[in-house]
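Please read the structure below before turning to the comments.
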Ligand SMILES: [Zn+2]
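In the numbering used here, the protein residues as written are 1363 to 1728.
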């Protein structure tokens, strides 16, 4: 599990030698350890840093425990720098050699899935959870005085109440009120201790509203969702809810990028959409962020001399006149070229409709 502190260390790491960064998707749905290692080997083939490649291979062969859904590894062997993180959230496999650790995918992950606090509330107490990057980090519960089964009707009647059923109700409300206040105090302490940046509240509409109403403004502003759930829900159910909200946050971030692409492309400045224009911009080294639709593939041609990619048939390369060859997928090569040039690659989910954006586009450097 990675924390903001780990990220800071990686961000501040100043290397005098190239740093190898690897993200390996190990989603159990997509294979087993042998399949992941095969994928890793093919990724490492492109890397010309033998000692780092050896360090990474050694790590996966002997030290790594195959749990979670992706692994991030950073290696700078000449400086004896090696870090590996198992992540419970799936990330796309990728490799990069750069003058610093490539942390953007992890920063995005923290942005979408970091620091969730969940409170399940009713009139008697609260169950609190803190989730970070898809893992349960802390769990606590508090139980106030029982609200429903109390027999003491008269003891704490409000002034003017007549006792009997009305007195009983008033007393129950008073206990519930006290319990919720206590739960709020308990929750805010728990959230603060666990570095919570996003708050979710689960329970009946009624109880959620009561709890929310008592929450200090600063915590109220961090509420990202409320949902109905049983007070005895398992932490897996609660985690699933938090992950769902995380995915939504991720989708919003991607949608925002797609909107910038479309807006810039429409203005004719700083953005392109459609495959051919994007491939041309990549060849010119202008792509800062490449955005592709998940699963998008397109056969095409590549110039054997300068590497120019096109989805269209070409007699000779429009850039250098070189001979083209047919390739099964121009998109995969485009992704690789962008990453090698230091650009970002973002994947937009299949079902997310963005007006003006179809399969591929990019934000340009100039
Ligand atoms: Zn060419």
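Backbone N, C-alpha and C define an ideal beta-carbon position, used for all residues, glycine too.
If you're wondering where the values come from, they're calculated on a predicted model, not measured in any experiment.
(request) Tell me where the beta strand (DSSP E) around residue 1686 begins and ends. (result) 1686-1689
(message) Among 1482, 1388, 1474, whose alpha-carbon lies nearest the alpha-carbon of residue 1456?
(response) 1388
(request) In angstroms with no decimal places, state the Cα-to-Cα distance between residue 1622 and residue 1633. (result) 8 angstroms
(message) For a test of your reading of the model: does the CB of residue 1455 fall under 7 angstroms from any non-hydrogen atom of ligand 1? Yes or no.
(response) Outside the cutoff, so no.
(request) Report the rounded CA-to-CA distance for residue 1465 versus residue 1655, giving the unit in angstroms. (result) 22 angstroms
(request) Under 8 angstroms by Cβ, that's how I've got residue 1385 and residue 1434 pegged, so tell me the actual separation to the nearest angstrom. (result) 5 angstroms
(request) Please report the residue range of the alpha helix (DSSP H) in which residue 1628 lies. (result) 1597-1629
(message) So, for residue 1518: in the same chain, excluding its five sequence neighbours on each side, which residues have a beta-carbon less than 7 angstroms away from its beta-carbon?
(response) In this prediction, residue 1518 has a pLDDT of 49, which is less than 50 and means its spatial position is unreliable; what the coordinates show is noted afterwards. Closer than 7 angstroms at Cβ, skipping near neighbours: 1533, 1536.
(request) Check whether the Cβ of residue 1589 sits closer than 7 angstroms to any heavy atom of ligand 1, and report yes or no. (result) no
(request) Could you have a look at residue 1681 and say whether DSSP puts it in helix, strand or coil? (result) coil
(request) Taking residue 1703 and residue 1647 to be in contact with their CB atoms under 8 angstroms, please state how far apart those CB atoms are, rounded to whole angstroms. (result) 6 angstroms
(request) List the whole-angstrom C-beta distance separating residue 1640 from residue 1723, where the pair is believed to meet the contact cut-off of C-beta under 8 angstroms. (result) 6 angstroms
(message) DSSP three-state label for residue 1485, please.
(response) coil
(message) Three or more C-beta pairs under 8 angstroms: does that hold for the region 1471-1491 against the region 1393-1407?
(response) no
(message) By alpha-carbon positions, which one of 1625, 1559, 1577 ends up nearest to residue 1608?
(response) The shortest C-alpha separation from residue 1608 is found at 1559.
(request) Specify which residues have a beta carbon nearer than 6 angstroms to any heavy atom of ligand 1, listing them in chain order. (result) Matched residues: 1665, 1667, 1668, 1670, 1679, 1681, 1682, 1684.
(request) Sort 1668, 1666, 1684, 1657 by Cα distance to residue 1713 and report the nearest one. (result) 1657
(message) Could you tell me the alpha carbon to alpha carbon distance between residue 1701 and residue 1570, rounded to whole angstroms?
(response) One C-alpha to the other measures close to 45 angstroms.
(request) Could you spell out the range, first to last residue, of the alpha helix (DSSP H) harbouring residue 1421? (result) First-last for residue 1421: undefined, no H or E at that position.
(request) Ignore the nearest five residues each way along the sequence and tell me which others in residue 1427's own chain have a CB closer than 8 angstroms to its CB. (result) If you ignore the 5 residues before and after residue 1427, its C-beta comes within less than 8 angstroms of the C-beta of 1448, all in its own chain and listed in chain order.
(request) Return the CA-CA distance between residue 1375 and residue 1468, expressed in angstroms with no decimal places. (result) 15 angstroms
(request) Determine which residues share a DSSP beta bridge with residue 1587 and list them. (result) 1562
(request) Verify whether the separation of the beta carbon atoms of residue 1673 and residue 1662 is less than 8 angstroms. (result) yes
(message) Give me, in chain order, the residues of the same chain whose beta-carbon lies closer than 6 angstroms to that of residue 1611; leave out the 5 immediate sequence neighbours on both sides.
(response) 1474
(request) With DSSP as the reference, please indicate the residues paired to residue 1576 in a beta bridge. (result) Residue 1576 is not bridged to any residue.
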